[in-house]
Amino acid sequence: MKLIRNTLAVARRETDRITGKRTIYLLTLIAPTLLFLVFGYIYSRSLVREIPVAVVNNDGGSLSRMITDNIEAASSMKVTRILTSLPEAEHLMKKGEIDGIFVFPADFEKKIKQGTGSEISLLINGMNLIKSNYIFNDGLKIIKTFSAGVLLKKVRSGGFTGDQAMAVISPVRTDSQILFNPNYSYVNYLVPGLTTFTLMMLVMLVSVLLISSEFVHDTFDELLKISERSALAIVAGKAAPHLLLHLMNIIILFGVIYPLFGIQINGNAGYTIMFTFFFVMVSLFLGMAISVWFKDQLQATEIALFLTTPAFIFSGLTFPLRAMPELHRGAAMLLPYTHFLDGFVKLSQMDADLKYVKTDTAALTLFLAFSLFALTTGLIKRMKETERKAQA
């Protein structure tokens, strides 16, 4: 009962500090929802559409015009210029007005009708991987479809039926299925990672202030008095209000922000919320551990930023972990967010059961145990220092 009473006393005091300190109030209550909305709005279109491309048509025949119409009909591309000069098109690309160029040679239709074959040159600005992939994939699909149509017509002229002609043209057919993100939606791919990373950053930035601020404002003795010098009461009492508020942020994220921008949770929402909350606990206690060992708030904040800033890069979201050098893969394993994101994607996007995130959960549990150990030993150390100072 004494521990519960002391914990509640510390929790009430911490609640007053949250509402009374503008920095903590903004970072905990306002910033998460605001940033979630910003990220959701930025990527709300989900798919990249109407990428500007130019057509250099040196042929002018009906076949080249038909292919140009098919390019225009593709949702990912928009033909903004039809030219007869390749240097002019390249100039437009360097100016940033177009991202792709389709070039038809002067004798394109003539060679097709003669049966000697021709070619279409496709020049793509590769500086943006997303746009260049769209242009390459959709452009190639249009050209292959046209080429198959020409070949089909030629084969059928030899007396083959439609099915027989298709068997000649395409003896091996592909039955492909894109799982988990079938539309290649950018909002489903990037926003979940961005929002959870932002939540981690905000949790860490607040948590590194929780103990260090007591030393800065010379209120640590007051905290010890309220808790009756109980390290457990301090840890639980200070953490409880923040965990409740961040649980609210998680529910807002998954229950309001995701549906608002059409972001799907393809797995169990309950598992996703629990796993995310567990990660928030890890982040909070890790930040508090930093806070108790480093009294200087600026130094504590710098350490938190040092640990969190590279987390997004090392998470494997922007570049596959398997493709990173071994040293970098090892560094990634030392960051909680790497393990969280792996499990989060499995639970929220791949509809995986909890058994598929056992390794990630075990890793986060180790981080949590380390953080709690560092936090409690740091608190005991500070208590002894305060006691010696009082006796001096």
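Quick note on the numbering used here: the sequence shown kicks off at -2 and runs consecutively.
C-beta: ideal position from N, C-alpha, C; glycine also.
Open item on the list: Which residue wins for smallest C-alpha separation from Leu196, given the options Leu338, Gly313 and Asp215?
Closed with: Indexing the sequence shown from 1 puts residue 196 at position 199. Of the candidates Leu338, Gly313 and Asp215, the one whose C-alpha sits nearest the C-alpha of Leu196 is Leu338.
Open item on the list: Looking at Ile48: is its Cβ nearer than 8 angstroms to the Cβ of Tyr131?
Closed with: For the purposes of this step, residue 48 is taken as residue 51 along the sequence shown, with counting starting at 1. For the purposes of this step, residue 131 is taken as residue 134 along the sequence shown, with counting starting at 1. In terms of Cβ geometry, Ile48 and Tyr131 form a close pair [threshold 8 angstroms].
- [ ] Give the single residue among Gly234, Pro238 and Ala266 whose Cα lies nearest to the Cα of Ile248.
- [x] Along the sequence shown, read from residue 1 onward, the residue named residue 248 stands at position 251. Among Gly234, Pro238 and Ala266, the Cα nearest to that of Ile248 is on Ala266.
Open item on the list: Using 8 angstroms as the threshold, is the C-beta distance between Ala51 and Ala103 below it?
Closed with: Here residue 51 refers to the residue found at position 54 when the sequence shown is read from its first residue. Here residue 103 refers to the residue found at position 106 when the sequence shown is read from its first residue. Result no, Cβ atoms of Ala51 and Ala103 do not sit closer than 8 angstroms.
TODO: Compute the Euclidean distance between the alpha carbons of Thr315 and Phe309, then round it to the nearest angstrom.
DONE: Here residue 315 is taken as the residue at index 318 of the sequence shown, counted from 1. Here residue 309 is taken as the residue at index 312 of the sequence shown, counted from 1. Rounded to the nearest whole angstrom, the CA to CA distance from Thr315 to Phe309 is 8 angstroms.
- [ ] Check each candidate in Phe133, Tyr38 and Ile208 and name the one with the smallest Cα separation from Ala71.
- [x] For the purposes of this step, residue 71 is taken as the residue at position 74 of the sequence shown. Of the candidates Phe133, Tyr38 and Ile208, the one whose C-alpha sits nearest the C-alpha of Ala71 is Phe133.
- [ ] Pull up the DSSP beta-bridge partners for Gly97, would you.
- [x] In the sequence shown, residue 97 corresponds to position 100, counting from 1. Note: Gly97 is bridge-paired with Val50 and Ile121 in the DSSP secondary-structure output.
TODO: Have a look at the DSSP bridge pairing and note the partners of Lys18.
DONE: Looking up residue 18 in the sequence shown gives position 21. None, per the DSSP bridge assignment.
Open item on the list: Could you tell me the alpha carbon to alpha carbon distance between Thr77 and Lys138, rounded to whole angstroms?
Closed with: Taking the sequence shown and counting its residues from 1, one reaches residue 77 at position 80. Taking the sequence shown and counting its residues from 1, one reaches residue 138 at position 141. If you take the alpha carbons of Thr77 and Lys138, they lie about 20 angstroms apart.
Open item on the list: For Ser280, tell me which candidate among Tyr353, Leu372 and Leu295 has the shortest Cα-Cα distance.
Closed with: Counting from 1 along the sequence shown, the entry for residue 280 is found at position 283. The shortest C-alpha separation from Ser280 is found at Leu372.
Open item on the list: Could you check whether the Cβ of Leu242 sits closer than 8 angstroms to any Cβ belonging to chain B?
Closed with: Note that chain B does not occur in the displayed structure, where there is just one protein chain.
Open item on the list: Can you tell me which residues form a DSSP beta bridge with Arg78?
Closed with: On the sequence shown, residue 78 is found 81 positions in, with the first residue counted as 1. Residue pairing for Arg78: DSSP places it in a beta bridge opposite Ala51.
Task: Alpha-carbon spacing of Leu331 relative to Ala228, whole angstroms - done: Here residue 331 is taken as the residue at index 334 of the sequence shown, counted from 1. Here residue 228 is taken as the residue at index 231 of the sequence shown, counted from 1. If you take the alpha carbons of Leu331 and Ala228, they lie about 27 angstroms apart.
Task: Whole-angstrom distance between Arg42 and Phe33, CA atom to CA atom - done: Locating residue 33 in the sequence shown gives position 36, counting from the first residue. Locating residue 42 in the sequence shown gives position 45, counting from the first residue. Approximately 15 angstroms between the Cα atoms of the pair.
Task: Sub-8 angstroms separation of Ala8 and Pro238 beta-carbons - done: Sequence index remark: in the sequence shown, residue 8 carries index 11 (1-based). Sequence index remark: in the sequence shown, residue 238 carries index 241 (1-based). Taking 8 angstroms as the Cβ cut-off, Ala8 and Pro238 qualify as a contacting pair.
- [ ] Have a look at Phe272 and Ile260 and give me their C-alpha separation to the nearest angstrom.
- [x] Counting from 1 along the sequence shown, the entry for residue 272 is found at position 275. Counting from 1 along the sequence shown, the entry for residue 260 is found at position 263. The straight-line gap from Cα to Cα measures roughly 18 angstroms.
TODO: Just the C-alpha distance for Phe99 and Lys91, rounded to the nearest angstrom, thanks.
DONE: Residue 99 sits at position 102 when you count from the first residue of the sequence shown. Residue 91 sits at position 94 when you count from the first residue of the sequence shown. When rounded, the distance between both Cα atoms is 16 angstroms.
Task: Validate contact between the segment 18 to 34 and the segment 50 to 64 using beta carbons, cut 8 angstroms, 3 pairs - done: With a cut-off of 8 angstroms, the segment 50 to 64 and the segment 18 to 34 do not count as touching, because too few Cβ pairs lie within range.
Open item on the list: Report the CB separation of Phe217 from Arg379 in whole angstroms; it is logged as a contact under 8 angstroms.
Closed with: Reading the sequence shown from its first residue, position 220 is the one you call residue 217. Reading the sequence shown from its first residue, position 382 is the one you call residue 379. Correct: roughly 7 angstroms between the Cβ atoms.
Open item on the list: To the nearest angstrom, how far is the alpha carbon of Ile401 from that of Pro317?
Closed with: Given a span of -2 to 389 for the chain in the structure shown, any question on residue 401 remains unanswerable.
Task: Helix, strand or coil at Ala286 according to DSSP, with G and I counted as helix - done: Taking the first residue of the sequence shown as 1, we reach residue 286 at position 289. Three-state DSSP puts Ala286 in a helix.
Open item on the list: Suppose you measure from the CA of Asp172 to the CA of Val277; what does that come to, to the nearest Å?
Closed with: Numbered from 1 along the sequence shown, position 175 holds the residue referred to as residue 172. Numbered from 1 along the sequence shown, position 280 holds the residue referred to as residue 277. Inter-residue distance for Asp172 and Val277 is about 41 angstroms (C-alpha atoms, whole angstroms).
TODO: Taking only the alpha-carbon atoms, compute the straight-line gap between Thr362 and Phe370 and give it to the nearest angstrom.
DONE: As a working mapping, residue 362 is identified with position 365 in the sequence shown. As a working mapping, residue 370 is identified with position 373 in the sequence shown. The straight-line gap from Cα to Cα measures roughly 12 angstroms.
Task: Distance between Gly17 and Leu242 (C-alpha atoms, nearest Å) - done: Reading the sequence shown from its first residue, position 245 is the one you call residue 242. Reading the sequence shown from its first residue, position 20 is the one you call residue 17. One Cα belongs to Leu242, the other to Gly17, and the distance between them is close to 15 angstroms.
Task: Nearest-angstrom Cα separation, counted from Gly284 out to Val203 - done: As a first step, residue 203 must be located in the sequence shown, where it is residue number 206. As a first step, residue 284 must be located in the sequence shown, where it is residue number 287. Pairing Val203 with Gly284, the inter-Cα distance amounts to about 8 angstroms.
- [ ] State yes or no: is the C-beta of Met74 within less than 8 angstroms of the C-beta of Asp135?
- [x] Here residue 74 is taken as the residue at index 77 of the sequence shown, counted from 1. Here residue 135 is taken as the residue at index 138 of the sequence shown, counted from 1. Yes, the Cβ-Cβ distance between Met74 and Asp135 is below 8 angstroms.
TODO: Pick helix, strand or coil for Ala349, following the three-state DSSP scheme.
DONE: In the sequence shown, counting from the first residue as 1, residue 349 sits at position 352. Correct three-state label for Ala349: coil.
- [ ] Would you tell me roughly how many angstroms separate the C-alpha atoms of Lys235 and Leu206, rounded to the nearest one?
- [x] On the sequence shown, residue 235 is found 238 positions in, with the first residue counted as 1. On the sequence shown, residue 206 is found 209 positions in, with the first residue counted as 1. If you draw a straight line from the Cα of Lys235 to the Cα of Leu206, it comes to about 11 angstroms.
TODO: Determine the direct distance from the alpha carbon of Val354 to that of Gly123, and round the result to whole angstroms.
DONE: Start at 1 with the first residue of the sequence shown, and residue 123 comes out as number 126. Start at 1 with the first residue of the sequence shown, and residue 354 comes out as number 357. Whole-angstrom Cα-Cα distance: 36 angstroms.
TODO: Following the continuous alpha helix (DSSP H) through Met63, name the residue where it begins and the one where it ends.
DONE: Here the question's residue 63 lines up with position 66 in the sequence shown. Unbroken alpha helix (DSSP H) run through Met63: Ser59 to Ala70.
Task: Lys352 versus Gly264 - alpha carbon distance - done: Stepping through the sequence shown from its first residue, residue 352 is reached at position 355. Stepping through the sequence shown from its first residue, residue 264 is reached at position 267. Rounded to the nearest whole angstrom, the CA to CA distance from Lys352 to Gly264 is 13 angstroms.
Open item on the list: Taking a contact to mean a Cβ-Cβ separation below 8 angstroms, would you say Phe36 touches Val188 in this structure?
Closed with: Your numbering for residue 36 matches position 39 in the sequence shown. Your numbering for residue 188 matches position 191 in the sequence shown. Yes; because the gap between Cβ atoms is below 8 angstroms, this pair is in contact.
Open item on the list: Relative to the C-alpha of Leu0, which candidate in Thr383, Val232 and Lys107 has its C-alpha closest?
Closed with: Sequence index remark: in the sequence shown, residue 0 carries index 3 (1-based). Ranking Thr383, Val232 and Lys107 by Cα distance to Leu0 puts Val232 first.
- [ ] Would you mind sorting Thr356 into buried or exposed? The rule is 16 or more other CB atoms within 10 Å of its CB.
- [x] Along the sequence shown, one-based indexing puts residue 356 at 359. Per the 10 Å Cβ criterion, exposed.
Open item on the list: When you compare the CB positions of Phe282 and Ser368, do they come within less than 8 angstroms of one another, or not?
Closed with: The sequence position of residue 282 within the sequence shown is 285, counting from 1. The sequence position of residue 368 within the sequence shown is 371, counting from 1. Yes, the pair counts as a contact, with Cβ atoms nearer than the cut-off.
Open item on the list: Between Leu391 and Thr4, how many whole angstroms is the CB-CB distance? I'm expecting something under 8 angstroms.
Closed with: There is simply no residue 391 to check, as the chain begins at -2 and stops at 389 in what is shown.
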